[in-house]
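Scroll down for the structure; my scribbles are underneath it.
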Amino acid sequence: MKRILTGDRPTGPLHLGHYVGSLQSRVKLQREYEQYIMIADMQALTDNFENPQKITDNVCEVIKDYISIGIDPSQSTIFIQSQIPEITELTLYYLNLVTLGRLERNPTVKNEMNQKGFGESIPMGFLCYPVNQAADITIFKAECVPVGEDQLPMIEQTNEIVRKFNRIYNTECLKESQALIGKGGRLVGIDGQSKASKSLGNAIFLSDDTKTVKEKIFQMYTDPNHIQISDPGKVEGHVVFAYLDLFHQDTEELNALKEHYRRGGLGDVMLKNMLFKDLEDFLNPVREKRKSLSNDILWDILRDGTTKARKVAIETIEEVRDVVGFTYKSLK
Ligand code: ATP
Ligand code: MG
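Every position in the sequence shown, counted from 1, becomes a number in this note's numbering once 10 is added.
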């Protein structure tokens, strides 16, 4: 089986956007690939270094989200990035192979730096996180990396590093990897913004209770010109319809409702109640599973996953040290 690497920054609980964009496909991929899932605490530290507790507090939450949504620890290896120091070592080897100019040109990082308002004070850790990511991917010799479009520049940069390393040290020990572009698409926020995101406060979390889910659905952005029930309404940009498209099973019924809404005579409250039922049907088993997970179980999963991942990482780093010549056998 081919190996893939995915992961998340543990900066908060996961939401329906994560489900649509990546978790859903990971549940499928774990059957077809040898899947490694990394809790990227080191990477999360690059823009949260003043608040590491936010990261450590969220590690368990993210694992609970994974398991309750259907990621199976017997099929997927889940591990914590910082507990594999070999990744950090490999990052240092790679940093010599990347220029400042190249890092500053990475479009994804450029975007994120603007968003975070670093101005002229860019933490080096943040600027270099794509190099750290290159180490994550290559230390596991992952052949495929499931990502969104926005992550393509990272894979490109990873492969550049791989080629340079192999050329300079005259080896083939590192492997290039391929992006596996997810088909999940993007989930809009409940406020109608193009993306549900935790920092925008417009997401429904996998761990939200029934009351919260209902409140969020009833806040959803609809068609502002649909004032009376009898008014013709617009389906495009209507958040409830966007969610129904993903979570309502009966497509024919949904298409008929869209037609009805366009004609007029269909109220938003009816649609919201329908979505509420669909989301409750989806979230109830997730909640049940979550309740059954003790912290002991979670730490066992993480201990096993991290031990297994570390073995692979050690094999690769030993090859790398050997290729560079940093083995110093006489010291042993
Ligand atoms: P933050 O607000 O802190 O940026 P977030 O809620 O946007 O957090 P991220 O941790 O940035 O979540 O998301 C990680 C990955 O999850 C993204 O690269 C993407 O693959 C997926 N993802 C997040 N939000 C969505 C969404 N609304 N729709 C589809 N995929 C999403
Ligand atoms: Mg984000």
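All residues carry an ideal CB built from backbone N, CA and C; glycine is no exception.
In whole angstroms, give me the CA-to-CA distance for residue i and residue j.
i, j, result
"residue 214", "residue 64", "20 Å"
"residue 313", "residue 89", "8 Å"
"residue 301", "residue 74", "9 Å"
"residue 69", "residue 156", "21 Å"
"residue 273", "residue 164", "46 Å"
"residue 36", "residue 52", "22 Å"
"residue 257", "residue 103", "46 Å"
"residue 81", "residue 71", "14 Å"
"residue 27", "residue 334", "42 Å"
"residue 168", "residue 50", "17 Å"
"residue 206", "residue 337", "48 Å"
"residue 76", "residue 33", "8 Å"
"residue 330", "residue 177", "13 Å"
"residue 18", "residue 284", "31 Å"
"residue 321", "residue 13", "15 Å"
For residue i, report the span of its beta strand (DSSP E) as first-last.
i, result
"residue 89", "86 to 90"
"residue 260", "Where residue 260 is concerned, there is no enclosing beta strand (DSSP E), given that its DSSP letter is neither H nor E."
"residue 156", "154 to 157"
"residue 44", "44 to 49"
"residue 227", "Element bounds for residue 227: not the beta strand (DSSP E) but the alpha helix (DSSP H), 220 to 229."
"residue 145", "Here residue 145 belongs to no beta strand (DSSP E); instead the alpha helix (DSSP H) covers 139 to 149."
"residue 188", "188 to 191"
Tell me the residue span of the alpha helix (DSSP H) that contains residue i.
i, result
"residue 291", "278 to 301"
"residue 62", "62 to 79"
"residue 324", "305 to 334"
"residue 18", "It is not in any alpha helix (DSSP H) - residue 18 instead sits in the beta strand (DSSP E) that spans 13 to 18."
"residue 167", "162 to 178"
"residue 97", "95 to 105"
"residue 125", "117 to 126"
Determine, using beta carbons only, whether residue i and residue j come nearer to each other than 9 Å.
i, j, result
"residue 147", "residue 187", "yes"
"residue 162", "residue 189", "yes"
"residue 183", "residue 326", "yes"
"residue 179", "residue 56", "no"
"residue 212", "residue 200", "yes"
"residue 78", "residue 296", "yes"
"residue 230", "residue 249", "yes"
"residue 251", "residue 268", "yes"
"residue 341", "residue 216", "no"
"residue 170", "residue 112", "yes"
"residue 197", "residue 253", "yes"
Can you check which of these residues, the options, is closest to residue i by C-alpha distance?
i, options, result
"residue 311", "84, 193, 24, 257", "84"
"residue 48", "149, 11, 228, 78", "149"
"residue 3", "30, 338, 107", "There is simply no residue 3 to check, as the chain begins at 11 and stops at 342 in what is shown."
"residue 193", "158, 181, 225, 176", "158"
"residue 208", "17, 340, 21, 13", "21"
"residue 95", "328, 309, 341", "328"
"residue 11", "31, 40, 18", "40"
"residue 247", "191, 18, 203", "203"
"residue 60", "133, 253, 220", "133"
"residue 305", "160, 17, 323, 67", "67"
Can you list, in chain order, the residues of its chain whose CB lies under 6 Å from that of residue i, leaving out five sequence neighbours each side?
i, result
"residue 288", "257, 258"
"residue 318", "87"
"residue 316", "89, 90, 93"
"residue 236", "243"
Identify, in the order they occur along the chain, each residue of the same chain with its Cβ nearer than 8 Å to the Cβ of residue i, setting aside the five sequence neighbours on each side.
i, result
"residue 218", "226, 293"
"residue 275", "239, 240"
"residue 290", "220, 223"
"residue 282", "227, 228, 230, 250"
In chain order, what residues of the same chain lie with their CB nearer than 7 Å to the CB of residue i, ignoring the 5 residues before and after it?
i, result
"residue 131", "none"
"residue 105", "138, 141"
"residue 123", "132"
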